[in-house]
Amino acid sequence: MISDPSAPLKTVATSPWNPAFSMSLLFVMFIAIVARAVIVKQSRFEWCAWLAITLWLGVIAFREPWVQAGFHAAGVNLAWVRFMAHSCAVLGGSVLIALGVAWSTGFRMPKKRWWRTVALVYLPSFVCIAVMAVVSYPALAQNRAIEEFPNRIGLYGIVYAAMPIIGALFAGGVAARAGFGSGGHRMNGVIGAMCVFVAALSVLDHSFRILTALRTSHTAPGDLQQALEDRAAATDWLLVIPVGILLVSLMPVVVVSVANRLASSPAEGKVRQLRELWLTLMSTFPQVRLSRPAELTEPEEDLHRTLIEIEDALLLLSQWMTDDELRAAEVDEWYEAVRGALARCEGPVLRRAVVLPWSRDEAAVFELARRADMGWEAYYAP
1 MISDPSAPLK
11 TVATSPWNPA
21 FSMSLLFVMF
31 IAIVARAVIV
41 KQSRFEWCAW
51 LAITLWLGVI
61 AFREPWVQAG
71 FHAAGVNLAW
81 VRFMAHSCAV
91 LGGSVLIALG
101 VAWSTGFRMP
111 KKRWWRTVAL
121 VYLPSFVCIA
131 VMAVVSYPAL
141 AQNRAIEEFP
151 NRIGLYGIVY
161 AAMPIIGALF
171 AGGVAARAGF
181 GSGGHRMNGV
191 IGAMCVFVAA
201 LSVLDHSFRI
211 LTALRTSHTA
221 PGDLQQALED
231 RAAATDWLLV
241 IPVGILLVSL
251 MPVVVVSVAN
261 RLASSPAEGK
271 VRQLRELWLT
281 LMSTFPQVRL
291 SRPAELTEPE
301 EDLHRTLIEI
311 EDALLLLSQW
321 MTDDELRAAE
331 VDEWYEAVRG
341 ALARCEGPVL
351 RRAVVLPWSR
361 DEAAVFELAR
371 RADMGWEAYY
381 AP
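For the sequence shown, counting from 1, position 100 maps to 100 in the UniProt record's numbering; every step adds exactly one.
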């Protein structure tokens, strides 16, 4: 039998928003997340962004009475539901750090090093969640708010807010450097400003939560309920404003991607995927360009010629590849081999041209093109 939640717990764990508003917000976020994951091509940066928004969705959803009612029916008390919302926020801090790494250097990392970095980034969050569980166990067991335990709320608040603040500061710094650095495009600046603003709100929000947690530890029991009501009213809008900004940034990308797909044939889409790789290779080996007869203007014919030109350019490029690069067996190694050979192609050749085993595999060429898109752009923004 689940004990009834205390009044302070109901105040801090339940959203005060109108159900119609909150359900509409959650529905739009869910559609945007799913559509973006299905429609927009996913780099490491994209997957980190997708996970960050999903965790943000979790923080909001766990505060909704209808979601909490479902957990209650499953035997989970309100204190644990609130703890799950806090866990999403803590994990979100690690996601923001991973997002910053992916934005700045992640696409240049070999796969194994990337996953080691991800594991290292997430470890502090899991440690924080474990500490929070230990500190708040009396509240979880009694279905009460952690704020009702003055000797525990201060430590809990600091541990809870630490990773979101660190993650927001790191991601905001990366966004500022990428968006406002020398040589940046105007769109880079817009995206950077948006990210810095959201990061600043997150830092403000969680810093305010630490302050109020410390103040709550010195609040008289009779004044606790009113203090928590005042805090809830102030902090809820700091949560919803960044969500609105994220939705504004998410939906145009999805809409444009859908429009591009509807307006073009599959062959045209494939040519677009190959374009960055093709441009890089053609700038180095323009002699492999094929003539474009006036009679051959269909997208399928253009794709056929583009693939031939890429294969021929890779054949020439093999003259500057090392033995290890010729033996490359996966997409990250292919990319490093191509990039290394391009850096050496102004010097003397190392060997006779040889056909790279994977260059005749159309699927492998498209994998390389996607990898090159991530590696040759200044950064890969959503």
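The beta carbon of each residue, even a glycine, is placed where N, CA and C say it ideally should be. Bear in mind that the values here come from a model prediction, so they are computed numbers and not experimental data.
If you draw a straight line from the alpha carbon of residue i to that of residue j, how long is it in whole angstroms?
| i | j | result |
| --- | --- | --- |
| residue 56 | residue 170 | 18 Å |
| residue 366 | residue 85 | 40 Å |
| residue 73 | residue 30 | 23 Å |
| residue 332 | residue 364 | 11 Å |
| residue 270 | residue 92 | 34 Å |
| residue 121 | residue 134 | 22 Å |
| residue 255 | residue 147 | Residue placement at residue 255 cannot be trusted, given a pLDDT of 49 that sits under 50; the coordinates are not used to answer. |
| residue 182 | residue 176 | Residue placement at residue 182 is flagged as unreliable, the pLDDT there being 48, under the threshold of 50; the coordinate-derived value follows with that caveat. Residue 182 and residue 176: Cα-Cα distance of roughly 11 Å. |
| residue 13 | residue 212 | 15 Å |
| residue 24 | residue 61 | 12 Å |
| residue 59 | residue 48 | 17 Å |
| residue 354 | residue 316 | 8 Å |
| residue 323 | residue 174 | 37 Å |
| residue 262 | residue 327 | Unreliable placement is indicated for residue 262, whose pLDDT of 47 sits below 50; the coordinate value is still reported in the next sentence. When rounded, the distance between both Cα atoms is 40 Å. |
| residue 132 | residue 225 | 22 Å |
| residue 114 | residue 208 | 33 Å |
| residue 371 | residue 335 | 7 Å |
| residue 305 | residue 320 | 24 Å |
| residue 258 | residue 272 | Interpretation of residue 258 is limited by its pLDDT of 49, a score under 50 that renders its predicted location unreliable; the figure taken from the coordinates is listed afterwards. About 15 Å. |
| residue 348 | residue 130 | 58 Å |
| residue 202 | residue 70 | 29 Å |
| residue 141 | residue 81 | 12 Å |
| residue 193 | residue 206 | 20 Å |
Going by Cα to Cα distance, which pick from the options is closest to residue i?
| i | options | result |
| --- | --- | --- |
| residue 285 | 276, 345, 323, 328 | 345 |
| residue 275 | 368, 136, 102, 214 | 368 |
| residue 125 | 65, 139, 98 | 98 |
| residue 51 | 89, 71, 358 | 89 |
| residue 118 | 349, 198, 334, 100 | 100 |
| residue 341 | 355, 127, 325 | 325 |
| residue 164 | 143, 199, 142 | 199 |
| residue 172 | 158, 157, 195 | 195 |
| residue 223 | 143, 7, 2 | 7 |
| residue 3 | 23, 220, 143 | 143 |
| residue 136 | 159, 114, 116, 123 | 159 |
| residue 112 | 209, 347, 330 | 330 |
| residue 210 | 203, 157, 314 | 157 |
| residue 343 | 81, 127, 318 | 318 |
| residue 287 | 313, 361, 303, 358 | 313 |
| residue 358 | 337, 220, 281, 64 | 337 |
| residue 64 | 281, 197, 27 | 27 |
| residue 362 | 303, 339, 75, 149 | 303 |
Which whole-angstrom value describes the C-beta separation of residue i and residue j, a residue pair presumed to lie in contact below a C-beta threshold of 8 Å?
| i | j | result |
| --- | --- | --- |
| residue 308 | residue 290 | 6 Å |
| residue 161 | residue 79 | Not confirmed; about 19 Å, so no contact. |
| residue 267 | residue 299 | 4 Å |
| residue 9 | residue 145 | 4 Å |
| residue 279 | residue 167 | 35 Å between Cβ atoms; not a contact. |
| residue 77 | residue 16 | Incorrect: roughly 20 Å between the Cβ atoms, too far for contact. |
| residue 228 | residue 11 | 5 Å |
I'd like the span of the alpha helix (DSSP H) that includes residue i, first residue to last.
| i | result |
| --- | --- |
| residue 116 | 111 to 135 |
| residue 66 | 65 to 73 |
| residue 15 | From DSSP, residue 15 is part of no alpha helix (DSSP H); its letter is neither H nor E. |
| residue 340 | 331 to 344 |
| residue 268 | 266 to 284 |
| residue 306 | 299 to 317 |
| residue 325 | 323 to 326 |
Assess, as a yes-or-no matter, whether the region 140 to 154 is touched by the region 204 to 216 under the definition of 3 or more beta carbon pairs within less than 8 Å.
yes
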